[in-house]
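Position in the sequence shown counted from 1, then plus 7, gives you the working numbering. Backbone N, C-alpha and C fix where the C-beta goes; we use that ideal spot for every residue, glycine too. Here the structure is a predicted model, which means the values were calculated and not measured. Data block below; observations after.
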Amino acid sequence: ADAQLFGQPSVTVDACAVVLSAEATAKLVKEGAAVQWVMDGFGHLKAIGANAEAKPLLDKAGVEADEGVTDLDGFVEAAKKRYWDREPNVRTLA
8 ADAQLFGQPS
18 VTVDACAVVL
28 SAEATAKLVK
38 EGAAVQWVMD
48 GFGHLKAIGA
58 NAEAKPLLDK
68 AGVEADEGVT
78 DLDGFVEAAK
88 KRYWDREPNV
98 RTLA
């Protein structure tokens, strides 16, 4: 999708790819919008694909390893579905 971080909530995309340099990650871990975007994507049960340099941002957003959190090689396949098994870990189900 063509959009800017501050103007496109993760709810409008099917999956979240986080591909950053170490320098960009160091800046974005301090940006609430970036952290929230990743946190929301994870909370919306979407696939999260990331390169190794982006891991500090995923950590800051509270992303926990599961089947839907992949490296870039597995991202396209992971992005084909939602990860409903994650739901009890991200919200209280009544």
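### Message
Could you tell me the alpha carbon to alpha carbon distance between I55 and E38, rounded to whole angstroms?
### Response
Taking the straight line from one Cα to the other gives about 19 Å.
### Query
Residue range of the beta strand (DSSP E) that G69 falls in?
Careful: G69 lies outside any beta strand (DSSP E) and carries neither H nor E.
### Query
For G50 versus V20, is the C-beta distance shorter than 9 Å?
Cβ distance not < 9 Å, so G50 and V20 don't count as in contact.
#### Entry: Opposing strand residues paired with A57 [DSSP bridges]
Beta-bridge partners assigned by DSSP to A57: V25.
### Query
At what residues does the alpha helix (DSSP H) containing L79 begin and finish?
Taken as a continuous stretch (DSSP letters only), the alpha helix (DSSP H) holding L79 covers 79-85.
### Query
Would DSSP call V18 helix, strand or coil?
Here DSSP, grouped into helix, strand and coil, assigns V18 to helix.
### Task
On the DSSP bridge assignment, give the partners of V76 in chain order.
Beta bridge pairing from DSSP links V76 with I55.
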